[in-house]
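Student:
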Amino acid sequence: MLIAIGLVLGAFIVAAGSNGGGEYITGSWFAEIGISPQQTRPFDSFQSTLDVGLHLDFLEISSISDFIFDGWLWQEFDLDAALGPVSFSGQLLFEPQSGAFLYAQGKAALFIPPLTVSLYGAFVGATQTEPVNYGYVVDLSGEIIGGLFTFESTTYFGADLSGITFTATGAYTDPAVLSKTYKTDPTIEPIPAYFCGEEMTFTANAFGCVELTSTTTFGKTGFESEEIELSFLHLFGIPFNLVLDFTYTLQTKSYTFSPSLETDYGCLSVYTNLLGSGGTITGIEIYGIKFSANIGGASLTSISNLNTSDYVITIPAFGLVVEPLSDAISEGHIYYPQDYWEIVSLTVDVPPLGSGFSFSVDTFFSTSTGLLFDWGQSTMGVTLAFGSSIRMSSSITVDTTGFTAWKLSIRLNW
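Structure, rendered in structure tokens:
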């Protein structure tokens, strides 16, 4: 139903906007090919994405096509529109190789200060093992006194907002290209989409150092839990935070005590854990250090993982941080090989800005090589830009086995 409403709304806006004279087309095309001299198949990777958008005043319709070695991987259509306090966004996902419809998602929102009412809807196509499914989510949120108090009420009808991911298979391809993730998951309950839960959240800030979050959860049969999180920030005037979590259910109650240190000092970040049990702090674990500096047209970043058994370094798309391996897996973050304990990156930009070129080198140090300084791999690249419309890049990778990869890429914007 929501998809139909979205299509009707989209058609209405197209009709209304077609007379406004604000039509134009934007887009981008990205292609990258990788060559591996040491492999029997020299072409190691390939990916290409074509994104074309049609703007009609306050409406944008776009098509996103992804290609890999195996062919046409994904086809997505997006629609975004805003008319005064009303906005709508929707996505359609298809699998071109089989012609199958995979997923549709829509969100309609009405903003009347200080309230926002949102209606989410999603629909998944049938597979060989699962039938079609759909669901809705109604969300009411707002804030008062300049954000000092905020509240949100989310009601679930066969769907929630935990996210849903579609994953394809393909050889010689960046894993990030093989998956598509969307916000509304309509697979939590079988159809029809009846009420299946409610979550009410209230937050408050006081004195700039205390944060209170209250979350009340209801299920099909009624009350499930009440969670209260009380955060004390910068206690005693030092970068020390204390979080108290209280959880109440119909039959149990529990609390946790989570002290932490704020160790981000601009150019220097120290990743730490406070050790202890109960209410006693027995020590500090330092498991990572990150240093960043800009000198003229050069930027230098060094990040160290001091405990490769339990922690990993994420790729730049996921923040380039040191985080627990368990968190990276559960959150779906892409990370470098676990044995990499140090990464040093240097990028030099040559003016004029936007119409020059840049050189970069990323050096990886591993616990498993036994070579000088534990060197494991270096990737060196150069990027040539022609204004903001054309950008071409080339990079080579050398590791302990020799020259292993050469990548060429181009990006066009219009």
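Numbering (the working numbering), first residue to last: 6 to 419.
Beta carbons are placed, not taken as given, at the ideal position from N, Cα and C, and that holds for glycine.
From a predicted model like this one, the values you see are computed outputs, not experimental measurements.
Kindly confirm or deny that the region 331–348 and the region 307–318 touch, where touching means at least three C-beta pairs closer than 8 Å.
Tutor: Contact holds: three or more Cβ-Cβ distances are below 8 Å.
Student: Could you tell me how far apart the beta carbons of Thr-405 and Thr-384 are, in whole angstroms, since I believe they sit closer than 8 Å?
Tutor: Not really, about 14 Å apart at Cβ, beyond 8 Å.
Student: Does DSSP put Phe-212 in a helix, in a strand, or in coil?
Tutor: In this structure, Phe-212 counts as coil in the three-state DSSP scheme.
Student: Counting only runs that start and end within the region 23–47, where is the beta strand (DSSP E) found for 3 or more residues in a row?
Tutor: Segments of the beta strand (DSSP E) lying fully in the region 23–47: 28–40.
Student: Leaving out the 5 sequence neighbours to the left and right, which residues in its chain are closer than 8 Å to Ser-394 when beta-carbon positions are compared?
Tutor: Answer for Ser-394: Leu-417, Asn-418, Trp-419, listed in chain order.
Student: With a threshold of 16 other CB atoms inside 10 Å of the CB of Glu-194, please say whether the residue is buried or exposed.
Tutor: Buried, because 16 or more other Cβ atoms sit within 10 Å of the Cβ of Glu-194.
Student: Please report the Cβ distance between Thr-1 and Thr-277, rounded to the nearest whole angstrom; I am assuming they are in contact, meaning their Cβ atoms lie under 8 Å.
Tutor: The question about residue 1 has no answer here: the residues shown for the chain are numbered 6 through 419.
Student: Inspect the beta-carbon positions of Gly-202 and Ala-164 and report whether they are closer than 7 Å.
Tutor: No, they are not a contact pair.
Student: Is it right to say Asp-332 is buried, meaning 16 or more other beta carbons lie within 10 angstroms of its own, or is it exposed?
Tutor: Classification for Asp-332: exposed.
Student: With respect to the beta strand (DSSP E) encompassing Glu-65, which residues constitute its N-terminal and C-terminal limits?
Tutor: Where Glu-65 is concerned, the enclosing beta strand (DSSP E) stretches over 64–73.
Student: Please report the Cβ distance between Leu-273 and Phe-245, rounded to the nearest whole angstrom; I am assuming they are in contact, meaning their Cβ atoms lie under 8 Å.
Tutor: Actually they do not touch by this definition, with Cβ atoms about 18 Å apart.
Student: Would the beta-carbon of Thr-54 fall within 7 Å of that of Asp-71?
Tutor: Yes.
Student: Where DSSP assigns a beta bridge to Tyr-199, which residues make up the other side?
Tutor: Its beta-bridge partners do not exist; DSSP assigns none.
Student: Decide if Thr-287 is buried, meaning its Cβ has at least 16 other Cβ atoms within 10 Å, or exposed.
Tutor: Exposed is the call here.
Student: Keeping to the same chain, check which residues put their C-beta closer than 6 Å to that of Met-6; ignore five residues upstream and five downstream.
Tutor: Residue placement at Met-6 cannot be trusted, given a pLDDT of 42 that sits under 50; the coordinates are not used to answer.
Student: Could you compute how far the alpha carbon of Tyr-108 sits from the alpha carbon of Phe-237?
Tutor: Each residue's Cα considered, the two are about 42 Å apart.
Student: Compute the Euclidean distance between the alpha carbons of Tyr-29 and Ser-68, then round it to the nearest angstrom.
Tutor: So the alpha carbons of these two residues sit roughly 15 Å apart.
Student: Comparing alpha-carbon positions, which option in Leu-153, Phe-200, Thr-121 lies nearest Phe-212?
Tutor: Of the listed residues, the one whose Cα sits closest to Phe-212 is Leu-153.
Student: According to DSSP, is Pro-321 helix, strand or coil?
Tutor: Three-state DSSP puts Pro-321 in a helix.
Student: What residues in its chain sit with their C-beta under 7 Å from that of Tyr-340, if we drop five residues either side in the sequence?
Tutor: Same-chain partners within the cutoff: Val-317, Ile-318, Thr-319, Ile-320, Ala-333.
Student: Would you mind working out which of Glu-229, Asp-379, Ser-265 sits nearest His-239, comparing C-alpha positions?
Tutor: For His-239, the nearest C-alpha among the options comes from Ser-265.
Student: Going along the chain, which residues of its own chain have a beta-carbon closer than 8 Å to the beta-carbon of Ala-181, five neighbours each way excluded?
Tutor: Excluding positions up to five away in sequence, the list reads Ala-322, Ile-339.
Student: Look up Ala-164 in the DSSP assignment and give the residues it is bridged to.
Tutor: Looking at the DSSP assignment, Ala-164 forms no beta bridge with any residue, so it has no partner.
Student: For a quick check, are the C-beta atoms of Thr-218 and Glu-231 less than 7 Å apart?
Tutor: No, the pair does not count as a contact, with Cβ atoms beyond the cut-off.
Student: Which of the three DSSP states is assigned to Ala-87 in this structure?
Tutor: It is a strand residue.
Student: Beta carbon of Tyr-379, beta carbon of Gly-302: below 7 Å?
Tutor: The sequence shown places Asp at residue 379, not Tyr. No, these two residues do not count as a Cβ contact at 7 Å.
Student: Which partner residues does Gly-126 have in the DSSP bridge list?
Tutor: Paired residues: Gly-111, Tyr-141.
Student: Look up Glu-194 in the DSSP assignment and say whether it is helix, strand or coil.
Tutor: Reduced to three states, the DSSP call for Glu-194 is coil.
Student: What's the gap between the Cα of Gln-110 and the Cα of Leu-376?
Tutor: Approximately 51 Å, taken between the alpha carbons.
Student: For Val-336, does the count of other Cβ atoms within 10 angstroms reach 16, so buried, or fall short, so exposed?
Tutor: It should be noted that the sequence gives Glu, not Val, for residue 336. It is exposed - the Cβ of Glu-336 has fewer than 16 other Cβ atoms within 10 Å.
Student: Let's test the definition: count the other Cβ atoms within 10 Å of the Cβ of Asn-299 and tell me whether it reaches 16, buried, or not, exposed.
Tutor: Flag for Asn-299 reads exposed.
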